[in-house]
Amino acid sequence: MKTWCKSLCLLSLLGISNVACEGENRDVDTSTVREFDIERFMGKWYEIARYDHHFEKGMDHVVANYSLMEDGKVKVVNHGIKNGKPKEITGKARQPNPEEYPGRLEVSFFLWFYSPYWVLELDENYQYALIGSDTSKYLWIMSRTPELPKATLDKLLQEAQRRGYDLSRLTFVNQGK
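The numbering of the sequence shown is my numbering, which starts it at -2 and goes up by one.
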């Protein structure tokens, strides 16, 4: 857990710099949804696919739980299994400018260092989402269920590709029972 926590803290620190990394493409379409109800977004989300990063590499059964706190921020609890052992980290998220950019959130797992967490696509019933950031460095496909119907997954993959994301970088998460 300590290594995972340190990695996420480092990610948060690096995320605030917004410095382009090698292999990072800033020419992707990172436009977010225009309507977003943060209360409907709360609850359990399964990670279906992601761009792999050090802090999640080798993790399966990855789930994110979001809950509103009294101060208007969102409590974020990420849980997964790595090498047969449960890993969990708790952070917070906020909407910096919900009136102008409702689909843009920022997430922090370390002090006050926040990184972009942008809702790129969202089912009208809040059952699945395509999540990215302000660059092509991060991408997630999330669902309220451990699996998505093939047609839905294909639709999200096509949308990610249309936006300029490299689908060959996706890792599909084992959400087995």
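No residue lacks a Cβ here, since even glycine has one placed at the ideal position from N, Cα and C.
Beta-carbon spacing of residue i, residue j below 8 angstroms
| i | j | result |
| --- | --- | --- |
| Val116 | Val30 | yes |
| Tyr63 | Phe33 | no |
| Leu65 | Glu85 | no |
| Val71 | Thr87 | no |
| Ser130 | Tyr114 | yes |
| Ala90 | Phe169 | no |
| Gly77 | Met56 | yes |
| Glu118 | Glu156 | yes |
| Leu167 | Tyr48 | yes |
| Thr153 | Leu127 | Reading off the sequence, residue 153 comes out as Leu, not Thr. Yes, these two residues count as a Cβ contact at 8 angstroms. |
| Gln92 | Leu102 | yes |
In DSSP terms, what residue i is bridged to
| i | result |
| --- | --- |
| Thr27 | BP columns for Thr27 are empty, so no partner. |
| Arg47 | Trp137 and Thr168 |
| Trp115 | Arg101 and Gly129 |
| Lys147 | According to DSSP, Lys147 bridges with nothing at all. |
| Trp42 | Ala61 |
| Thr87 | Val74 |
| Met56 | Lys79 |
| Phe107 | Phe110 |
Whole-number beta carbon distance between residue j and residue i, since they are thought to touch under 8 angstroms
| i | j | result |
| --- | --- | --- |
| Val60 | Ser133 | About 24 angstroms; that fails the 8 angstroms criterion. |
| Glu144 | Gln124 | About 12 angstroms separates the two Cβ atoms, so there is no contact after all. |
On the three-pair Cβ rule with 8 angstroms, is the region 38 to 52 touching the region 139 to 152?
-> Because the criterion of three Cβ pairs below 8 angstroms is met, the region 38 to 52 and the region 139 to 152 touch.
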